[in-house]
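> Below you will find the structure I want to go over with you.
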Amino acid sequence: VYIINVTWSDSTSQIIYRRYSKFFDLQMQLLDKFPIEGGQKDPKQRIIPFLPGKILFRRSHIRDVAVKRLKPIDEYCRALVRLPPHISQCDEVFRFFEARPEDINPPK
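Counting along the sequence shown from 1, when you hit position 54 you're at 54 in the UniProt record's numbering, and nothing is skipped either side.
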């Protein structure tokens, strides 16, 4: 689980918790919604950042994998919010970064 400190344009901030699978779901939604920006027709036109890849691991190495992904996940989030507004402010991105009921009692 990744802990994200979200700061909104009105300077309010909140802590949210997201599993890698939720990042993957967001990535798929963005690539479907924005095929040109996702580089589907021409890879040179891709502006949607690449999500760090899935890593196969044994159960005992979950924490190691999460730690290795920490910086790339942070860079991915920062790149997402720097995209043009039609992507960075789309419903899918807002929903991803909005606090959810499970953020009050985060997963362990």
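Glycine included, every Cβ here is placed at the ideal spot set by N, Cα and C.
(1) Taking a contact to mean a Cβ-Cβ separation below 8 Å, would you say Ile4 touches Arg19 in this structure?
(2) Please report the straight-line C-alpha distance between residue 110 and Lys22, rounded to a whole angstrom.
(3) With DSSP collapsed to three states, give me the class of Gln40.
(4) How would you label Gly53, buried or exposed, when you count the other beta carbons within 10 angstroms and need 16 or more for buried?
(5) Buried or exposed: which applies to Arg95, given that a residue is buried once 16 or more other Cβ atoms fall within 10 Å of its Cβ?
(6) Could you round the C-beta distance between Leu80 and Pro49 to whole angstroms and report it? I think they count as a contact, below 8 Å.
Taking the coordinates as given:
(1) One-based indexing of the sequence shown puts residue 4 at position 4. One-based indexing of the sequence shown puts residue 19 at position 19. Contact flag unset, no.
(2) What the structure shows of the chain is the stretch from 1 to 108, and residue 110 is not part of that stretch, so it cannot be assessed.
(3) In the sequence shown, residue 40 corresponds to position 40, counting from 1. Per DSSP, reduced to three states, the secondary structure at Gln40 is coil, with no helix or strand assignment.
(4) Walking along the sequence shown from the start, residue 53 turns up at place 53. Exposed is the call here.
(5) For this step, residue 95 is matched to residue 95 along the sequence shown. Exposed: under 16 other Cβ atoms inside 10 Å.
(6) To locate residue 80, count along the sequence shown from 1; it is residue 80. To locate residue 49, count along the sequence shown from 1; it is residue 49. The pair is a contact, with the Cβ atoms about 6 Å apart (cut-off 8 Å).
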